Amino acid sequence: ARAPYPQDNEWLLSSSEDSLIRLWNLSARTSVCAYRSSAESRHPIWDVACNPLGYYFASASHDRTATLWCTEYASPLRRFVGHLSDVDTVRFHPNGSMIATGSLDRTVRLWDARSGGCVRVFGLAHQQGGGGSQSGGGGGGGHLGGVTALAFSPNGQFLVSGGQDTQLCVWDLQAGKMLTSVPWAGRGELGKGNGFARTHSTPEVRSLEFSMDGTVLASATTDHVVRCWDAALFHRWQAEVENEEEEGDEE
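Residue numbers for the sequence shown follow the numbering used here, so the first one is 13 and each next one is one higher.
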């Protein structure tokens, strides 16, 4: 995995199965620093992400943890522990104060970057065999396979996760709930109308990225296809969920 250093075209971070994170100077085309969580660590690093404000970055590892780093120090600042399997993907919230991680344990966790505490767990319902919201800040519903990609909306209101189950899950961060899950090529995919299509293969979602204005979400999958989704529908789905909850309260 690789991540450009924010607001600076001179630097790039990369992660690798050799358990190293490297900081590269693009002008010199050389690695200027290497980071390893410990001298004994031999766990692959699956992903790396930069804080949008710079200075800090985070990594996702085979050892079931995520790690917070500072570019000026060779040793990690903080570890985020709680996942039950590989942490495959990591992303910073747009305000830089929170970190999201996705794991092969089929959950998404939201962490406080300063304290290291877990703020929310999304996707517990499938593991516990139920639906709806879980106690302790958990979000119901979620993936049936490992979570392999994450993206925050630019306004910080939504988190989208993609996984091995071919789905996109859209999470409302403030409510702590899943708004919807979108299968290929379900509602919202630009150019497909309301049609639904599946192939015999099961493509994994490997990358997610919002446009700068937050109106389009792009996804890349292992079936060699990049899909563009109408992110404006997220607000419509949010309103539908809120209306359903209000009607339930009235009853």
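In this text, a Cβ means the ideal position worked out from N, Cα and C, and glycines have one as well.
No experiment lies behind these values; they were computed from the predicted model shown.
Asked, Found
"DSSP-derived helix/strand/coil call for residue 23", "strand"
"Start-to-end residues for the beta strand (DSSP E) that takes in residue 79", "77-82"
"Of the listed residues 130, 117, 126, nearest to residue 136 (C-alpha basis)", "117"
"Three-state secondary structure assigned by DSSP to residue 180", "strand"
"Closest residue to residue 234 among 179, 185, 82 (Cα-Cα distance)", "179"
"Residue 192: first and last residue of the uninterrupted beta strand (DSSP E) it sits in", "189-194"
"Short Cβ contact (7 Å threshold) for residue 60 with residue 43", "no"
"Span separating the alpha-carbon of residue 54 from that of residue 168", "34 Å"
"Residues that DSSP places opposite residue 68 in a beta bridge", "82"
"Per-residue burial, residue 153 [other beta carbons within 10 Å of its own, 16 or more giving buried]", "buried"
"Buried or exposed by the 16-neighbour rule on C-beta atoms within 10 Å, applied to residue 126", "exposed"
"For residue 114 and residue 159, believed in contact at Cβ under 8 Å, the rounded distance", "3 Å"
"Distance CB(residue 215)-CB(residue 164) smaller than 7 Å", "no"
"Alpha-carbon to alpha-carbon, residue 187 and residue 39", "44 Å"
"Three-state secondary structure assigned by DSSP to residue 143", "At residue 143, the pLDDT of 39 sits below 50, so the modelled position is not reliable and the matter cannot be decided from this model."
"Distance CB(residue 49)-CB(residue 83) smaller than 7 Å", "no"
"Burial state of residue 190, where buried means 16 or more other Cβ atoms lie within 10 Å", "buried"
"Rounded separation between residue 37 and residue 23 - CA only", "5 Å"
"Where residue 245 sits in the DSSP three-state scheme", "helix"
"Beta bridge counterpart(s) of residue 221 as assigned by DSSP", "230"
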